[in-house]
Every structure is written in structure tokens, then in C-alpha cells.
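Asker: This note's numbering puts the first residue of the sequence shown at 67, with every later residue one more than the last.
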Amino acid sequence: MRNIIKFIIVIVLLGVIVTSFNQALNYSQSVDLKRIEDTISQLCLKCYSIEGRYPPDIEYLKENYGLLLNDEQYQVVYYYEGANLEPFIKVWQKEQNYE
67 MRNIIKFIIV IVLLGVIVTS FNQALNYSQS VDLKRIEDTI SQLCLKCYSI EGRYPPDIEY
127 LKENYGLLLN DEQYQVVYYY EGANLEPFIK VWQKEQNYE
């Protein structure tokens, strides 16, 4: 009987550890995406304050403002509406195919 209780306790503890690890990983990924969005937004505002217009695309930020972005890992939606309107920015993590 004691062996069964010990086994159940071990299984429950392993479940808690795996669940906690998964939640920490998801939180870390969401923080990374938010940090990237904030960086792109800050560079857009920097461009607007220097040049008087928002950058037309992400490539402009890469070439002129030093934005470093791993294009293999992240997908960026950059919707430019006009020189005086702040662009819509959304970042997603691409799915990794491990073969």
C-alpha cells in the first residue's frame, strides 16, 4: 500500500513539474514577442522623430536604424498606412519543423 502511495506522489510531482515548465516556456515566448514588438515600435517612433515620417517597411528599419531580427524564427506583420500614422505591428513565432 505504501508503494502505491509513493508511486502516486511521484506521478503527481512529475505532472506538476512538467506543467510548470510548459507554462514558464509559454510565458517566456510571449514576453519575447512583446519585447520584439516594443523594439520595432520604439524604432518607428525614433524614425518619426528624426525624419518626420514613419518608416515604410521593416527593411527600412533594418537598413537605417540597426534593427536585428531573426527572420527564420519570427514573422512580422507591419501594416503601413501613411507617413504620419503609426503602423500596426504584430510579431508571431514561426513553427519549427524538426526533421
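By construction, the Cβ of each residue, glycine as well, lies at the ideal position given by its N, Cα and C atoms.
Could you tell me which residues DSSP puts in a beta bridge with residue 155?
Answerer: 144
Asker: Straight-line CA distance for residue 124 to residue 144?
Answerer: Approximately 7 Å between the Cα atoms of the pair.
Asker: According to the neighbour-count rule (16 or more other Cβ atoms, all chains shown, within 10 Å of its Cβ), is residue 127 buried or exposed?
Answerer: buried
Asker: Within 10 angstroms of the Cβ of residue 78, are there 16 or more other Cβ atoms? Answer buried if so, exposed if not.
Answerer: exposed
Asker: For residue 120, count neighbouring Cβ atoms within 10 angstroms of its own Cβ and tell me buried if that reaches 16, exposed if not.
Answerer: buried
Asker: To the nearest whole angstrom, what separates the beta carbons of residue 131 and residue 109, a pair I think is in contact under 8 Å?
Answerer: 5 Å
Asker: So, with DSSP's three-state summary, where would you put residue 91?
Answerer: helix
Asker: For the ligand ADP, any of its heavy atoms closer than 7 Å to the Cβ of residue 73?
Answerer: Ligands in the displayed structure: none, and consequently the ligand ADP is not present.
Asker: Count the other CB atoms, across all protein chains shown, that sit within 10 Å of the CB of residue 102; report buried if there are 16 or more and exposed otherwise.
Answerer: buried
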